[in-house]
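Engineer:
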Amino acid sequence: MSTGISANRLEILQIADAVAREKSIEKEIVIQAMEHALQKAARSRYGAEHDIRATIDPKTGEMELKRVMTVVDESVLDPETRPFNPSTDIMINVAQKSDPEAFVGKEYVEGLPPIEFGRVAAQTAKQVINHEVREAERERQYGEYKDRVGEIINGVVKRVEFYNVIVDLGRAEGVIRKSESIPRENLRVGDRTRAYIYDVRRETKGPQIFLSRAKPEFMARLFAQEVPEVYEGVIEIKAAARDPGSRAKIAVLSHDSSIDPVGACVGMRGARVQAVVGELQGEKIDIIPWSPDPATFIVNALQPAEVSKVVLDPEEARVEVVVGEAQLSLAIGRRGQNVRLASQLTGWSIDIMTEAEESERRQKEFATRTELFVKALEVDEMFAQLLASEGFETVEEIAYVEQMDLASIEGLNDEIADELQARAREYLDKLAAELEAKRVELGVEDQLKDVPGLTAQMLVALGEKGVKTLEDFAGLVGDDLRGYFETKNGERVREPGVLEGFELTQEQADALVLNARIAAGWIDAPPEEEPVEEVRTEGDADDVASVFPDRG
């Protein structure tokens, strides 16, 4: 049995309308797919070399087949890219013989008789229509969801495959991967669920909509749904951190001084926060006030633990937090959960110690400096303790500080200050000679000595880490010198640098590498480039241009 092109016109329109509604695409797209199917079938019948076009009237359903010839001349033809095709082209001089008004680009249309669809042709037409409709549906899905990244969406669990949950969103499907689901949450087929759209990708088999119930943003969006002040922007969620299914922290800020951000998020008798907790399978949520002051924010983030003291290192984004002995386990939390979430929330790496541990560390540092001054300056312990208590940390500071700063210390005078500085410089000269011998022994080449900013101690440290040539050093980057953090198994781990302990700033580290690359001839020196000020460390007996702060 075969189907003619003159099939029921009303039926064609009804089919197009039904497919458009089912696939949620425009009816015109379905009609266009049908036209392409007719066109392909006609070219199979009359020859693929012809320019055959099919049209379906969207109002009447009437179908037409036409063969088109286009007027061309030498200006539009090219032997390689656009050769003359006698089945579709007619030269201008030939066309003008029968049509004096012919011009390049004019089209002559010739109607073709209807064709009969055999089994193969009908199957081919069906494939063409299905393919184009499917592509249109995919494009519609991508266009609809790509701008919804960051929203919460409702859906029904359709199936579970290899721990990945496929969710029917109504007009598309989304996937919740195992890593993005709440641990121990058992979603079953038919369950209604809410999830956060965090990515939409255009892929070969159609758009992939990635959903999450584990991301901190999901919790933040839930608060926006439950707390009108958050939805309206009066209260801003500045940061959030989660251990999915167990515990979470959220930092909030009120732009209206009359509204308490924490109280608003908790709600009357905890109704608002409990609604979020219920959606997150009982996850405990700490709501804390955000502060622009890092120290205050970190103290808040470590709640419910009480903090005694905070020491910040902005360059390293590290902070030392001192707590009482009774607060230590509370600050750290079960399996380090509290401090880990606080670190994620604030963006600072947090080290927690007790007051006793901090006191012991300070005493140890004081004793170490005292011992150093006794050895280097050949003074008694009480005198060395005096220097350490005045804030001197290295022999170099004593050697190159202004003489009047030393003489102004109670119990010292100009003569004693001169003698102390002479002994300090003698000690540093001796140490520098030892470091130079050590450098030669390690095989660190002389060219590295000429790199501005590198000190004798740094050269020895480089040699001990296997960096012995100018090319070795020039091939590093600033983070290789200072050390860096990376995430391993969800934990933020520090990788030590080859010049760990020299307290280089990022600018100093980058400048050292830049100087090495210039010395190696890899790049040209930038114009008006000033040499890097050396990072002075104990053991460098060269002339020092550094200026120490006034200790008066």
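Numbering follows the working numbering, in which position 539 of the sequence shown is assigned residue number 540; successive positions increment by one, without gaps. Even for Gly, the Cβ is constructed at its ideal location relative to N, Cα and C.
1. Is the stretch 319–326 in contact with the stretch 336–353, if contact means three or more CB pairs nearer than 8 Å?
2. Tell me which residue opens and which closes the beta strand (DSSP E) that Y109 is part of.
3. Evaluate contact between the stretch 433–444 and the stretch 480–496, counting only Cβ atoms and requiring at least three cross-stretch pairs below 8 Å.
4. Determine, using beta carbons only, whether L477 and Q458 come nearer to each other than 8 Å.
5. Does the stretch 197–208 come within contact of the stretch 137–147, defined as at least 3 CB pairs closer than 8 Å?
6. Assuming E326 and A357 form a contact by the criterion Cβ under 8 Å, report the distance between their Cβ atoms to the nearest whole angstrom.
7. In the DSSP assignment, find the unbroken alpha helix (DSSP H) run with D287 in it and report its ends.
8. Whole angstroms is fine: what's the gap from R483's alpha carbon to D406's?
9. For V176, report the span of its beta strand (DSSP E) as first-last.
10. Quick check on DSSP: helix, strand or coil for S180?
11. Do the CB positions of M220 and I251 come within less than 8 Å of each other?
12. So is G553 buried or exposed if we call it buried at 16+ other beta carbons inside 10 Å?
13. Is the CB-CB distance between L471 and L449 below 8 Å?
14. Should R54 and V69 be called a contact, given that it needs their Cβ atoms to be closer than 8 Å?
15. Please confirm whether R270 and V228 have their CB atoms less than 8 Å apart.
16. Excluding the 5 residues flanking Q345 on each side, which residues of the same chain have their C-beta closer than 7 Å to its C-beta?
17. Can you tell me which of the three DSSP states G5 falls into?
18. Should N516 be labelled buried (16 or more other beta-carbon atoms within 10 Å of its own) or exposed?
19. Going straight from the alpha carbon of I6 to that of E29, what length do you get?
20. What residues match up with Q209 in a beta bridge as DSSP calls it?
21. State the DSSP-derived secondary structure class of G151, mapped to helix, strand or coil.
22. By DSSP, does F1 sit in helix, in strand, or in coil?
23. Okay, do the stretch 421–441 and the stretch 503–510 touch, 3+ Cβ pairs below 8 Å being the bar?
24. Which of the three DSSP states is assigned to F549 in this structure?
25. Can you have a look at V134 and say buried or exposed, based on whether 16 or more other CB atoms are within 10 angstroms of its CB?
26. Work out the CA separation of G479 and R178 for me, nearest whole Å.
27. At the level of alpha carbons, what is the spacing between P290 and S259?
28. Measuring straight from C-alpha to C-alpha, what distance separates L223 and L313?
29. Which residues bound the alpha helix (DSSP H) around A296?
30. Since I believe Y197 is in contact with K216 (beta carbons under 8 Å), could you give me their beta-carbon distance rounded to a whole number of angstroms?
31. For a quick check, are the C-beta atoms of Q304 and E186 less than 8 Å apart?
32. What's the call for S213, buried or exposed, on a 16-neighbour Cβ count within 10 Å?
33. With which residues is R495 paired in a DSSP beta bridge?
34. Between R424 and L342, what straight-line distance do the alpha-carbon atoms span, to the nearest angstrom?
35. Can you confirm whether the stretch 416–430 touches the stretch 376–395 when touching is taken to mean that 3 or more C-beta pairs between the two stretches lie within less than 8 Å?
36. Cα separation between A103 and V72?
Structural biologist: The structure says:
1. Counting Cβ pairs under 8 Å, three or more are found: they touch.
2. Taken as a continuous stretch (DSSP letters only), the beta strand (DSSP E) holding Y109 covers E108 to G112.
3. Contact annotation: the stretch 433–444 does not touch the stretch 480–496, with fewer than three C-beta pairs closer than 8 Å.
4. The Cβ atoms of L477 and Q458 lie no closer than 8 Å to each other.
5. Output reads yes: the stretch 137–147 touches the stretch 197–208.
6. At roughly 7 Å, the Cβ-Cβ gap stays under 8 Å, so E326 and A357 are in contact.
7. Where D287 is concerned, there is no enclosing alpha helix (DSSP H), although the beta strand (DSSP E) it sits in stretches over K285 to P290.
8. Answer to the nearest angstrom: the Cα atoms are 32 Å apart.
9. Taken as a continuous stretch (DSSP letters only), the beta strand (DSSP E) holding V176 covers E174 to I177.
10. Here S180 sits in helix by DSSP.
11. Cβ distance < 8 Å, so M220 and I251 count as in contact.
12. Note that G553 scores a pLDDT of 33, beneath 50, so its modelled location is shaky; the value from the coordinates is reported in the next line. G553 is exposed by the Cβ-count criterion.
13. Result yes, Cβ atoms of L471 and L449 sit closer than 8 Å.
14. In this structure, V69 lies closer than 8 Å to R54 by Cβ.
15. No. Outside cutoff.
16. Here the set comprises A242.
17. The predicted position of G5 is uncertain, since its pLDDT is 37 and thus under 50; no value can be drawn from it.
18. Counting C-beta atoms within 10 angstroms of its own C-beta, N516 has 16 or more neighbours from the protein chains shown and is therefore classed as buried.
19. Confidence in I6 is poor, its pLDDT being 40 and thus under 50, which makes the residue's placement unreliable; the coordinate value appears in the next sentence. Inter-residue distance for I6 and E29 is about 19 Å (C-alpha atoms, whole angstroms).
20. Bridge partners of Q209 according to DSSP: R202.
21. Coil at G151, not helix or strand.
22. Outside the shown range of the chain (2 to 553) lies residue 1, about which nothing can therefore be said.
23. Touching, no, given that fewer than three Cβ pairs across the two stretches are closer than 8 Å.
24. At F549 the pLDDT is 26, less than 50, meaning the model places this residue with poor confidence; the figure from the coordinates comes in the next sentence. Collapsing the DSSP output to three states places F549 in coil.
25. Within 10 angstroms of the beta-carbon of V134 lie 16 or more other beta-carbons, which makes it buried.
26. Going by the C-alpha atoms only, they are around 37 Å apart.
27. The straight-line gap from Cα to Cα measures roughly 14 Å.
28. One C-alpha to the other measures close to 33 Å.
29. Here the alpha helix (DSSP H) through A296 covers P295 to A302.
30. The C-beta separation of K216 from Y197 comes to about 6 Å, placing the pair in contact by the 8 Å criterion.
31. No, Cβ-Cβ distance for Q304 and E186 is not below 8 Å.
32. By the neighbour-count definition (other C-beta atoms within 10 Å, threshold 16), S213 is a buried residue.
33. In the DSSP assignment, R495 forms a beta bridge with F486.
34. In this structure, the CA atom of R424 is about 51 Å from the CA atom of L342.
35. Counting C-beta pairs closer than 8 Å gives three or more between the stretch 376–395 and the stretch 416–430, which meets the contact rule.
36. Looking at the two C-alpha atoms, the distance is approximately 8 Å.
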